[in-house]
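Since the structure comes first, as structure tokens, the remarks are kept for the end.
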């Protein structure tokens, strides 16, 4: 009795999941919307006027696993970004335990451009 019930239950799940999958053969078209005017009160924006924002740069501060990043991680990131010649609007730093042993951590830096 239980085997028949379980078989019926699994069968109904299989039918329901087959019915819920999308039709893969359906034609997919790309929709491109070009907005030529900004919000109310702003002038029209041309494609040549839009400046592409550069991708953020992320790196690990030199020094590796340490126990004392708390007071110097952000300063280290700023110094390294300056040495590397990065033009950053903002520098973010994150202290986390990547593959260090318990109690030790690394300093990750991000240059927001």
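In the working numbering, the protein residues as written are 82 to 194.
Note that the Cβ used here is the ideal one computed from N, Cα and C, for glycine as well.
Treat the numbers as computed from the prediction; the structure is a model and nothing was measured.
**Report entry** residue 167 versus residue 143 - alpha carbon distance
**Finding:** The count along the chain shown starts at 1 and reaches residue 167 at position 86. The count along the chain shown starts at 1 and reaches residue 143 at position 62. Approximately 16 Å between the Cα atoms of the pair.
Query - Per-residue DSSP class, three states only, for residue 119 - result: As a first step, residue 119 must be located in the chain shown, where it is residue number 38. In this predicted model, residue 119 has a pLDDT of only 43, less than 50, meaning its place in the structure is not dependable; the value taken from the coordinates is given anyway. It is coil, neither helix nor strand.
Query - Whether residue 158 touches residue 180 by CB criterion (8 Å) - result: Stepping through the chain shown from its first residue, residue 158 is reached at position 77. Stepping through the chain shown from its first residue, residue 180 is reached at position 99. No, the pair does not count as a contact, with Cβ atoms beyond the cut-off.
Report task. Please classify residue 177: is it buried, with 16 or more other beta-carbons within 10 angstroms of its beta-carbon, or exposed? Result -> Counting from 1 along the chain shown, the entry for residue 177 is found at position 96. Answer is exposed; the Cβ neighbour count stays below 16.
Query - Same chain only: Cβ atoms within 6 Å of residue 191, ignoring 5 sequence neighbours per side - result: Reading the chain shown from its first residue, position 110 is the one you call residue 191. Closer than 6 Å at Cβ, skipping near neighbours: 137, 139 and 173.
Query - Strand pairing of residue 141, partner residues [DSSP] - result: Counting from 1 along the chain shown, the entry for residue 141 is found at position 60. BP columns for residue 141 point to 189.
Requested in this report: Consider the C-beta atom of residue 170 and the heavy atoms of the ligand FAD; say whether any pair is separated by less than 7 Å.
Outcome: For the structure depicted, the ligand FAD is absent and the ligand set is empty, with no information on it obtainable.
Query - Identified DSSP bridge partners for residue 180 - result: Within the chain shown, the letter at position 99 stands for residue 180. According to DSSP, which records beta bridges pairwise, residue 180 is partnered with nothing at all.
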